[in-house]
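Novice: Chain order of the listed sequences is A and B.
Each number in our numbering comes from the position in the first sequence (counting from 1) with 177 added on.
Each number in our numbering comes from the position in the second sequence (counting from 1) with 26 added on.
Where is the CB? At the ideal position from N, CA and C, for every residue including glycine.
Bear in mind that the values here come from a model prediction, so they are computed numbers and not experimental data.
Take a look at this one; I'll ask things after.
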Amino acid sequence: MTLDLAVRMTEFLLGFALLLQSVEYVYSQRRLRWVFLLRSLLSVVLISGYASEWTTLLLWGIGVFQLYRFQGPYNGGSDRMGMLVLSMLALTYWLPEKRWQELAFGYLGLQLILSYFISGWVKVVNPEWRTGAALRNVFEFSAYPVSESLRGWAGRPSLLLFMSWSVILFELVFPFSFLHPISLTIGLAVAATFHFANACLFGLNRFFWIWLSAYPSLIWLQDRVLEGIGG
Amino acid sequence: MGLSVLNWIAETGRLLLPVLVPSWRFFDEIAPSPRIEYCVSSSATLSDETWQEFWPRPVYVSVLKMLRRMIWNPRWNENLYLMSCAERLMSHSTRHSVDEIFDRLIADLLGGKYEQSYVQFRLVFLYWYEGKLHRQVTYLSDVRRVSGDSCDA
């Protein structure tokens, strides 16, 4: 995959994710409605691919404003990833040399790998995760399950143990998928399924779309690294 | 002037650094989980306190609704933001978090039968300890009029 194609795919997917978030905000809040209307409009422009260097810069500016306004990300990790994708996309457009552009875009791919691996590492060193107790707590009393009926899963220790180890192993093994194009395709498909399940069970739909927008950077990075090794 | 610029740079750095160099420690531990509860009264003294959960989750969500929420989930995402505000309020008490919670509470009550009433919220944290689920009230807000004005009760 060429850098141009990967960047285009990223801005398309990111634009879609930001559009969903912005329209949701316009619908639910009267305050700052004009800011999010502008963000919606810029997201559509980003999807279209018109004047992307200025669009990413303006969206980045709104992103910094949001960090101030909400005293941090509005929706935790998903907004952090959104700003990271936007920052690296803007840098890719604005950095003068191709080598630096590749470094910025490659950094996004690297962070994507780390996002899974570090999450897996902090879980595997925690005995509560290894025994399934952590997931029991998530279902029993955390704010995440989307319905009261899902809280019943807290009483199914075998299922939770299986789910815990599935998540831990997937997150720890994910970096190895980088070694071959086929394994990366499988790795990203499993990762997308993981985010889809999180969206259904815990309402984390923003994670699904934002993480998806970072996938082209990893596919491009793998091509670039393998091409470098092959000479 | 110079100091305010330095403060601005420091604040921007504090907000941007975790974005550009994220920690990615998702669910490393399952911390006590907040619930926002509120009570409404016609008097500012709120003598008759009946607390109810703000935006409680539904009993059941169908598969179709889960799929629809993949692209449209404004209330839930706003609720997650309020949970962040509740957690921030416990780690370092800020007026910002209090105002954000009150904004949503009052907007929800405005236009209904509670107009011109008084509202107060509290934070209840749920946690697992020695094999049992515990609830602890950790924060009690001031009282505000549902019209949005502050009130010294």
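Looking at the secondary structure, which residues open and close the alpha helix (DSSP H) in which Y140 (chain B) lies?
Specialist: Stepping through the second sequence from its first residue, residue 140 (chain B) is reached at position 114. Premise fails: Y140 (chain B) is in no alpha helix (DSSP H) and is neither H nor E.
Novice: Give the residues of chain A in contact with I56 (chain B), contact being defined as C-beta atoms less than 8 Å apart.
Specialist: As a working note, residue 56 (chain B) is residue 30 in the second sequence. Within 8 Å Cβ-Cβ: E305, A311, N314, V315 and S319.
Novice: Looking at the strands, I want to know which residues DSSP matches up with K158 (chain B).
Specialist: On the second sequence, position 132 is the one that residue 158 (chain B) refers to. K158 (chain B) pairs with B:Y155.
Novice: Is DSSP giving S67 (chain B) helix, strand or coil here?
Specialist: Within the second sequence, residue 67 (chain B) is the residue found at index 41, counting from 1. In the structure shown, S67 (chain B) sits in a strand (DSSP, three-state: E or B).
Novice: So, under 8 Å CB-CB, A70 (chain B) and Y144 (chain B) are touching, yes? Tell me the CB distance rounded to an integer number of Å.
Specialist: If you number the second sequence from 1, residue 70 (chain B) lands on position 44. If you number the second sequence from 1, residue 144 (chain B) lands on position 118. Contact holds; Cβ gap of about 5 Å.
Novice: Let me check one thing: in DSSP terms, what residues is F147 (chain B) bridge-paired to?
Specialist: Numbered from its first residue, the second sequence carries residue 147 (chain B) at position 121. Looking at the DSSP assignment, F147 (chain B) forms a beta bridge with B:Y64.
Novice: Can you tell me whether Q198 (chain A) is helix, strand or coil according to DSSP?
Specialist: In the first sequence, the residue the question calls residue 198 (chain A) occupies position 21. Helix, per DSSP.
Novice: Go ahead and label A194 (chain A) buried or exposed: buried means 16 or more other beta carbons lie within 10 angstroms of its beta carbon, across all protein chains shown.
Specialist: Mapped onto the first sequence, residue 194 (chain A) falls at position 17. The residue in question, A194 (chain A), is buried, as its Cβ has 16 or more Cβ neighbours within 10 Å.
Novice: Could you tell me whether the segment 84-103 of chain B touches the segment 232-239 of chain A, where touching means 3 or more Cβ pairs closer than 8 Å?
Specialist: Flag = no, the segment 84-103 of chain B and the segment 232-239 of chain A do not touch.
Novice: Between which two residues does the alpha helix (DSSP H) containing V344 (chain A) stretch?
Specialist: For the purposes of this step, residue 344 (chain A) is taken as residue 167 along the first sequence, with counting starting at 1. Run containing V344 (chain A): P334 to V350, per the alpha helix (DSSP H) assignment.
Novice: Excluding the 5 residues flanking L287 (chain A) on each side, which residues of the same chain have their C-beta closer than 8 Å to its C-beta?
Specialist: Taking the first residue of the first sequence as 1, we reach residue 287 (chain A) at position 110. Same-chain partners within the cutoff: L398.
Novice: Just checking my contact of S255 (chain A) with R83 (chain B) at CB under 8 Å: how many whole Å lie between their CB atoms?
Specialist: Counting from 1 along the first sequence, the entry for residue 255 (chain A) is found at position 78. Counting from 1 along the second sequence, the entry for residue 83 (chain B) is found at position 57. Contact doesn't hold; Cβ gap of about 19 Å is too wide.
Novice: DSSP has R171 (chain B) in a bridge; who is on the other side?
Specialist: Within the second sequence, the letter at position 145 stands for residue 171 (chain B). Answer is B:Y144.
Novice: Measuring only between beta-carbons, confirm whether Y270 (chain A) sits less than 8 Å from chain B.
Specialist: Along the first sequence, one-based indexing puts residue 270 (chain A) at 93. Not closer than 8 Å to any Cβ of chain B, the Cβ of Y270 (chain A) fails to qualify, so no.
Novice: Can you find the residues in the same chain that come closer than 7 Å, C-beta to C-beta, to S264 (chain A), ignoring five residues on each side of it along the sequence?
Specialist: The count along the first sequence starts at 1 and reaches residue 264 (chain A) at position 87. These residues qualify, in order along the chain: W237.
Novice: Among residues of its own chain, excluding the 5 on either side of I290 (chain A), which ones have a beta-carbon nearer than 8 Å to its beta-carbon?
Specialist: As a working mapping, residue 290 (chain A) is identified with position 113 in the first sequence. Cβ neighbours of I290 (chain A) beyond the five flanking positions: F351, P352, F355 and L395.
Novice: State yes or no: is the C-beta of F151 (chain B) within less than 8 Å of the C-beta of P48 (chain B)?
Specialist: Working through the second sequence from its first residue, we reach residue 151 (chain B) at position 125. Working through the second sequence from its first residue, we reach residue 48 (chain B) at position 22. No. Outside cutoff.
Novice: Nearest chain B C-beta to S394 (chain A) closer than 8 Å, yes or no?
Specialist: Translated into the one-based positions of the first sequence, residue 394 (chain A) becomes position 217. No, S394 (chain A) lies away from the interface with chain B (no Cβ there is under 8 Å from its Cβ).
Novice: Give the straight-line distance between the Cα atoms of S68 (chain B) and V87 (chain B), rounded to the nearest whole angstrom.
Specialist: Along the second sequence, one-based indexing puts residue 68 (chain B) at 42. Along the second sequence, one-based indexing puts residue 87 (chain B) at 61. One C-alpha to the other measures close to 35 Å.
Novice: Let me make sure I understand the geometry here. Which of A:L403, A:M340, A:S326 and A:E317 has the alpha-carbon closest to that of K300 (chain A)?
Specialist: Looking up residue 300 (chain A) in the first sequence gives position 123. For K300 (chain A), the nearest C-alpha among the options comes from A:M340.
Novice: Of the residues that make up the segment 35-59 of chain B, which ones have a beta carbon closer than 8 Å to any beta carbon in chain A?
Specialist: The residues in question are E37, T38, L41, L42, P44, V45, L46, P48, S49, W50, R51, F52, F53, D54, E55, I56 and S59.
Novice: Are the segment 242-256 of chain A and the segment 220-227 of chain A touching, with three or more C-beta to C-beta distances below 8 Å?
Specialist: No, they do not touch.
Novice: Assuming N382 (chain A) contacts M96 (chain B) (C-beta within less than 8 Å), just tell me the rounded distance between them.
Specialist: As a working mapping, residue 382 (chain A) is identified with position 205 in the first sequence. As a working mapping, residue 96 (chain B) is identified with position 70 in the second sequence. Right, the Cβ-Cβ distance comes to about 5 Å (below 8 Å), so this counts as a contact.
Novice: Can you look up Y392 (chain A) in the DSSP assignment and give me helix, strand or coil?
Specialist: Within the first sequence, residue 392 (chain A) is the residue found at index 215, counting from 1. If DSSP states are grouped into helix, strand and coil, Y392 (chain A) belongs with the helices.
Novice: Exposed or buried, what is E55 (chain B) when buried is set at 16 or more other beta-carbons lying within 10 Å of its beta-carbon?
Specialist: Looking up residue 55 (chain B) in the second sequence gives position 29. Looking at its Cβ environment, which holds fewer than 16 other Cβ atoms inside 10 Å, E55 (chain B) is exposed.
Novice: Examine chain A for any beta-carbon lying closer than 8 Å to the beta-carbon of R170 (chain B), and answer yes or no.
Specialist: Locating residue 170 (chain B) in the second sequence gives position 144, counting from the first residue. Judged by the 8 Å Cβ criterion, R170 (chain B) is not in contact with chain A.
Novice: Hey, R257 (chain A) and V172 (chain B) are a contact pair by Cβ (cut 8 Å); roughly how many whole angstroms apart?
Specialist: Position 80 of the first sequence, counting from 1, holds the residue named residue 257 (chain A). Position 146 of the second sequence, counting from 1, holds the residue named residue 172 (chain B). Going by Cβ atoms, the distance from R257 (chain A) to V172 (chain B) rounds to 35 Å, so no, they are not a contact pair.
Novice: Taking its Cβ as the centre, do 16 or more other Cβ atoms sit within 10 Å of I295 (chain A), making it buried, or is it exposed?
Specialist: Here the question's residue 295 (chain A) lines up with position 118 in the first sequence. That one is buried.
Novice: Give, in chain order, every unbroken run of the alpha helix (DSSP H) that is at least 4 residues long and sits entirely within the segment 294-337 of chain A.
Specialist: List check, alpha helix (DSSP H) in window: 304-308 and 310-318.
Novice: Under 8 Å, Cβ to Cβ, is there at least one residue of chain B near L236 (chain A)?
Specialist: As a position in the first sequence, residue 236 (chain A) is number 59, starting the count at 1. It does not; no Cβ of chain B falls within 8 Å.
Novice: Would you say F355 (chain A) reaches chain B, if we count a Cβ-Cβ gap shorter than 8 Å as a contact?
Specialist: Taking the first sequence and counting its residues from 1, the one referred to as residue 355 (chain A) is at position 178. No - not a single Cβ of chain B is within 8 Å of the one on F355 (chain A).
Novice: Does K300 (chain A) have its Cβ less than 8 Å from a Cβ in chain B?
Specialist: For this step, residue 300 (chain A) is matched to residue 123 along the first sequence. Yes, contact with chain B.
Novice: Classify P304 (chain A) as buried or exposed, calling it buried when 16 or more other Cβ atoms lie within 10 Å of its own Cβ.
Specialist: Here residue 304 (chain A) refers to the residue found at position 127 when the first sequence is read from its first residue. By the neighbour-count rule (16 or more Cβ atoms within 10 Å), P304 (chain A) is not buried but exposed.
Novice: Less than 8 Å between CB atoms is the rule here; does L190 (chain A) satisfy it with respect to chain B?
Specialist: The count along the first sequence starts at 1 and reaches residue 190 (chain A) at position 13. Cβ-Cβ to chain B under 8 Å: no for L190 (chain A).
Novice: Could you name the residues of the same chain whose beta carbon sits closer than 8 Å to that of R101 (chain B), not counting the 5 residues immediately before and after it, in chain order?
Specialist: Within the second sequence, the letter at position 75 stands for residue 101 (chain B). Same-chain partners within the cutoff: W81.
Novice: With DSSP run on the structure shown, which of helix, strand or coil describes T76 (chain B)?
Specialist: As a working mapping, residue 76 (chain B) is identified with position 50 in the second sequence. Looking at T76 (chain B) - three-state DSSP - the assignment turns out to be coil, as it is neither helix nor strand.
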